[in-house]
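Q: Each number in the numbering used here corresponds to the 1-based position in the sequence shown with 5 added.
Virtual Cβ for every residue (Gly too), placed ideally from N, Cα, C.
Predicted model only: the values in this text are computed from it and were never measured.
Sharing a structure here in structure tokens format.
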Amino acid sequence: MGKPLNLNQNQTAIDAILAAGWIRDVQWFSEIDSTNSAARRVTGNHEGNSALLPTLFVADRQTTGRGRSQRVWWSPEGCLMLTLALSGQTLPSRPEEWSQLALLSGMAVANTVAQFVEPNSVQLKWPNDVYVLEKKIAGVLIESDTKVWLVGIGLNVNMNWSAAPKEIARQATCMRSASGCGVEVPVVLVELMEELHRTLEGWRRGEFAWQAEWQQRCLLTGRVVHIRISDNREIIGRCEGIDACGRLIVRDEHGVHQLTAGEVLAWH
Ligand code: BTN
């Protein structure tokens, strides 16, 4: 028999999120294919009506959770899975800054996790993975059709590792494992939404030097990194952190690379 849904706690979280006045609508599914896919279907029907945005989509379970680079996201209960659908008006006015949304979202997740575990143990792996003590705790999947931006977040809160695929159990952690005590998913959700609001508002207004904060949590700075930068190009070099635009700086024997995209394959 499945665990009964704690509707009271979910409703309390929804009420708190709506009362904060930023989110216009919350859609919470006990099971869905993917919150990013659901958000895409629903916002596709908005026909440009951004009055309904930001909308938050949350699921207790996903049947086909999606990760970056066409990977699958393991999506059982105990993982906080959400997609925040934002209109372009929520972003800074300069389009060249929009690619930073991934880094800012990851930073908001990291700062939320840091409220529950040893704060200095929480790090960011460029561009937007969150790690605790070298194990992945959260990932972010950004999708956009330029009118609507979807920020998909998977954050491991209370995972049952005995049910996990071996590779995931070896490489990942969750808030309960990292903190030593159970944390309720709806409680984390409310904190995360506050943090996302604060972070994205500060970014939109150009009000805070987020790069310094991001840099402090950078997992890769000073380390040798192996990065796939396109289908047929990989580089290995020493990471020197991020620049003011959020690009990853990597130095190898050919010079300094400022990477706007790429997949970090390994680091040591
Ligand atoms: C990654 O690290 O590869 C990104 C993972 C993003 C997973 C989240 S879970 C909620 C949302 N819905 C999805 O299908 N994916 C994102």
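(1) What's the C-alpha gap between Lys-8 and Ala-143?
(2) Please tell me whether, using a cut-off of 8 Å, the distance from the CB of Asp-65 to the nearest non-hydrogen atom of the ligand BTN is below it.
(3) Please classify Met-6 as buried or exposed, where buried requires at least 16 neighbouring CB atoms within 10 angstroms.
(4) Could you work out which residue in Cys-84, Val-77 and Leu-57 is closest to Ala-64 when comparing CA atoms only?
(5) Taking Val-137 as the reference, give the member of Ser-39, Arg-181 and Thr-40 with the closest Cα.
(6) Which class does Ala-143 belong to by DSSP, given the choice of helix, strand or coil?
(7) Please state whether DSSP places Lys-130 in a helix, a strand or coil.
(8) Report the start-end ranges of each beta strand (DSSP E) in the region 25-82 that is 3 residues or longer and not cut off at the edges.
(9) Among the candidates Ala-21, Ser-55 and Glu-268, whose CA atom is the shortest distance from the CA of Asn-133?
(10) For Ala-217, does the count of other Cβ atoms within 10 angstroms reach 16, so buried, or fall short, so exposed?
(11) Closer than 9 Å, CB to CB, is Ala-25 near chain B or not?
(12) On the three-pair Cβ rule with 8 Å, is the region 146-156 touching the region 56-74?
(13) Regarding Thr-226 and the ligand BTN, is the C-beta to nearest heavy atom distance less than 8 Å?
(14) Can you name the start and end residues of the beta strand (DSSP E) that Gly-246 belongs to?
A: With the given structure in hand:
(1) In this predicted model, Lys-8 has a pLDDT of only 45, less than 50, meaning its place in the structure is not dependable; the value taken from the coordinates is given anyway. If you take the alpha carbons of Lys-8 and Ala-143, they lie about 23 Å apart.
(2) Closer than 8 Å to some heavy atom of the ligand BTN: that does not describe the Cβ of Asp-65.
(3) Confidence at Met-6 is low in this model, with a pLDDT of 37, below 50, so its placement is unreliable and the value that follows should be read with caution. Under this definition Met-6 is an exposed residue.
(4) Each of Cys-84, Val-77 and Leu-57 was checked against the Cα of Ala-64, and the nearest Cα belongs to Cys-84.
(5) Arg-181
(6) strand
(7) strand
(8) 30-37 and 60-67
(9) Glu-268
(10) exposed
(11) In summary, chain B is missing from the structure at hand, where a single protein chain is found.
(12) yes
(13) Not one heavy atom of the ligand BTN is found less than 8 Å from the C-beta of Thr-226.
(14) 238-247
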